[in-house]
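Reviewing the structure listed below.
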Amino acid sequence: MDLLAGLREIVGDTHVVTDPDAVAPYAQDWTRRWHGKPLAVVRPATVAQVSAVVRACAAAGVPLVPQGGNTGLVGAGVPQDGEVVLSLARLDSIGPLDPLGKTLMAGAGVTLAQVQRTAREAGLDVGLDFSARDTATVGGIAATNAGGERVMRHGVARFRIRGLEAVLADGSVVRRMSTVAKDNTGYDLVQLLIGSEGTLGVITAVQVDLIHPRKIIGTALVAVSTVDDALTVLRAVQHDFPGLEAAEFFHHDGLQLVLKHERRARPFDRPHPLYLLFDLSDGDGRPDAGEELTELLGGLDCVRDLVVVSTSAERRRLWELRELQTDAVSAEGVPVKLDVALPLNQLSTFERRLAGVVRPVARHAMPILFGHIAEGNVHVNLLNALDEDAEGAVMEAVLDLVASLGGSISAEHGIGLANARWLTLTRSSADLAAMRAIKQALDPEGILSPGRMLPDAAPALKRP
Ligand code: 2HG
Ligand code: ZN
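Convert by adding 165 to the 1-based position in the sequence shown; the result is the number in our numbering.
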């Protein structure tokens with residue numbers, strides 16, 4: 166029996182998709198940068214079906230790539246030619262929620278927004294948030310160890326996930342959900358699978374660790390001139406307001422794109438080079454925290470302009486200026502996207518030197534920088550670089566700079582196809598050998614997402 170017939174038998178005819186129009190949304194990523202021609206898209210509805218699909222693909226020697234909401238930005242979840250896309254979208258059951266143990270079960274295909282809603286209805290929250298919340302799934306969040314806007318307070322995804330269920334490359338199912346917060350029984354397979362980007366197993370369900378939410382009582386947009394000034398402001402706010410929940414930044418050019426493509430109102434009468442966005446919670450127990458924050462910021466010489474708001478509609482308006490940067494960049498063109506982190510004391514050096522390393526290899530590249538300032542996490546979006554056919558050279562130039570400053574070449578988006586070639590910049594040969602040994606042990610035939618993450622089999626870069 167050929168593979169497609171076998172897959173149809175497992176999931177039903179309608180869930181083995183081969184029609185090119187129906188396959189298209191699964192075959193290309195959100196940025197339009199990564200794409201392939203899959204053999205089929207398979208949409209199982211249960212973990213047993215996922216297991217049978219993995220076994221069938223392994224028996225046929227056809228690799229597969231798991232896909233959640235397809236919001237990833239490094240090509241980890243889109244197919245290469247001939248691969249099977251294993252869509253987890255139909256594993257969408259949610260619950261139960263344990264209000265005492267503060268955990269919530271969710272199928273891999275449940276979106277972040279659904280998990281947030283369910284947690285909030287119970288007076289709890291997830292402690293994870295980012296702009297793709299309506300589409301990104303918990304399976305993808307676990308597989309990529311996603312970050313986002315709440316990391317400074319609640320950590321990246323691996324801190325928010327207690328348990329997992331996953332199908333390994335041989336079709337076996339590992340289920341580690343824990344009813345207790347302390348469980349030191351053996352190797353931590355949950356944490357190994359988190360961030361493995363589909364290369365070690367297919368995550369089918371997640372046990373989310375919930376938090377007691379804090380109420381956001383004030384949101385501030387602050388304009389400054391330089392990264393050094395931004396860090397001065399960050400330090401002052403962090404010092405005086407331990408209840409700080411989020412600290413984001415964006416530059417003038419990115420704001421201009423949001424105003425142009427998303428038709429938002431400009432926040433201040435005059436433009437400024439750099440903007441900071443802070444969310445303040447009631448964690449400090451200070452009823453007048455908003456006014457105290459205004460006073461603190463107003464007293465800092467380096468603050469050029471400032472607005473502090475408290476209603477949710479006003480907050481949303483300020484947050485959109487930051488969250489819509491990704492859409493606005495995409496409306497302008499297909500960017501080369503990098504997601505790096507710098508030690509905070511190297512952040513201004515990085516931004517200062519960036520143009521100098523980019524321009525020689527991509528003369529017309531337009532860098533749009535924004536991100537999560539508390540973690541030194543900069544999303545470097547380079548517009549026009551693809552037109553110059555400079556993708557590889559410009560990535561190498563930027564990532565070399567990041568590595569030389571002691572940073573991370575992938576802060577929260579992962580390695581996927583985009584960054585595999587550059588893993589050696591910050592990982593030693595001993596480190597890479599250990600990673601390869603893990604891959605070899607869990608997926609000896611290389612069935613799961615080959616070429617992603619580890620540089621060995623990384624395919625040549627593809628143009629859209
Ligand atoms: C964000 O922080 C996301 O908005 C997307 O991580 C970043 O578009 C990007 O480069
Ligand atoms: Zn981000």
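A virtual CB, placed ideally from N, CA and C, is assigned to each residue, including glycine.
Since the model is a prediction, treat every value here as computed from it, not as a measurement.
Identity of the residues DSSP links to residue i by a beta bridge
i, result
"T268", "D263, D374"
"E413", "L442, H537"
"G498", "BP columns for G498 are empty, so no partner."
"M531", "L548"
"Q193", "H200"
"I368", "A331"
"T384", "D444, V474"
"V543", "V505, G536"
"L613", "L229"
"I326", "V373"
Short Cβ contact (9 Å threshold) for residue i with residue j
i, j, result
"P432", "H417", "no"
"S575", "V303", "no"
"K202", "G247", "yes"
"V316", "E540", "yes"
"G266", "E610", "no"
"V522", "V563", "yes"
"E577", "T196", "no"
"G360", "N542", "no"
"I381", "S446", "yes"
"L172", "V207", "yes"
"G272", "A395", "no"
"V182", "V332", "no"
"G383", "F443", "yes"
"A385", "L441", "yes"
"V219", "I603", "no"
"V392", "L486", "no"
"I376", "V280", "no"
"N546", "A527", "no"
Contact belief for residue i with residue j at Cβ below 8 Å, rounded distance in angstroms
i, j, result
"T300", "T276", "6 Å"
"A642", "A297", "Because the chain in this structure spans residues 166 to 629, residue 642 falls outside the shown range and cannot be described."
"L409", "V402", "6 Å"
"G237", "G579", "7 Å"
"G448", "P508", "Between P508 and G448 the Cβ distance is about 27 Å, and since that is not below 8 Å, they are no contact."
Residue i Cβ short of 8 Å to the ligand 2HG heavy atom set
i, result
"T591", "no"
"A297", "yes"
"T300", "no"
"S426", "According to the sequence as given, residue 426 is His; it is not Ser. Result no, Cβ not under 8 Å from the ligand 2HG."
"E577", "yes"
"G242", "no"
"E540", "no"
"L238", "yes"
"E488", "yes"
Near the ligand ZN: residue i beta-carbon under 8 Å from a heavy atom
i, result
"G201", "no"
"D492", "no"
"D138", "Past the edges of the chain, shown from 166 to 629, lies residue 138, and the structure says nothing about it."
"H544", "yes"
"H537", "yes"
"G312", "yes"
Interface flag, residue i vs chain C, CB-CB below 9 Å
i, result
"L597", "In the structure shown, chain C does not exist; there is a single protein chain."
What are the uninterrupted segments assigned as alpha helix (DSSP H) that are 4 or more residues long and contained completely in the segment 208 to 281, given in chain order? 212 to 225
What ranges does the alpha helix (DSSP H) occupy inside the segment 335 to 361, keeping only unbroken runs of at least 4 residues that lie completely in it? Segments of the alpha helix (DSSP H) lying fully in the segment 335 to 361: 354 to 358.
Which parts of the segment 444 to 522 are runs of the beta strand (DSSP E), unbroken and 3 residues or longer, counting only runs that do not cross its ends? 470 to 474, 501 to 506
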